[in-house]
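**Student:** Offset between the sequence shown (1-based) and the numbering used here: plus 29. No residue lacks a Cβ here, since even glycine has one placed at the ideal position from N, Cα and C. As the structure is a computational prediction, the values presented were derived from the model and not from experiment.
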Amino acid sequence: MSHQTDGRNDLDIADCINETCPWSGEPVQADSLTAYNGHVVGFCNPGCRDKFDAAVRYFEAARGDG
Numbered sequence: 030m031s032h033q034t035d036g037r038n039d040l041d042i043a044d045c046i047n048e049t050c051p052w053s054g055e056p057v058q059a060d061s062l063t064a065y066n067g068h069v070v071g072f073c074n075p076g077c078r079d080k081f082d083a084a085v086r087y088f089e090a091a092r093g094d095g
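#1: Taking just the CA atoms, how far does isoleucine 42 sit from glycine 60?
#2: Please report the straight-line C-alpha distance between arginine 78 and aspartate 94, rounded to a whole angstrom.
#3: Where does phenylalanine 88 land, buried or exposed, given buried means 16+ other C-beta within 10 angstroms?
#4: Distance check for leucine 40 and leucine 62, CA to CA, integer angstroms please.
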């Protein structure tokens, strides 16, 4: 599996690879981080983060990875 949602509380915004949310373009927030392919990715709110995590799960399942 290429992403992880467990241990989100251990993620640090200082390690985030992006400054703006990929969904909205708004600044990322410390409470809205996830790990993907070994990187910390930030979002503007938990809803956008959860939408990303759901999309990753969907595509991994379609590919047969999940």
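**Tutor:** Result, derived from the coordinates:
#1: In the sequence on display, residue 60 carries aspartate and not glycine. Taking the CA atoms as reference points, aspartate 60 sits about 9 Å from isoleucine 42.
#2: Their Cα atoms are separated by approximately 20 Å.
#3: Looking at its Cβ environment, which holds fewer than 16 other Cβ atoms inside 10 Å, phenylalanine 88 is exposed.
#4: Distance between leucine 62 and leucine 40, taken at the CA atoms: about 7 Å.
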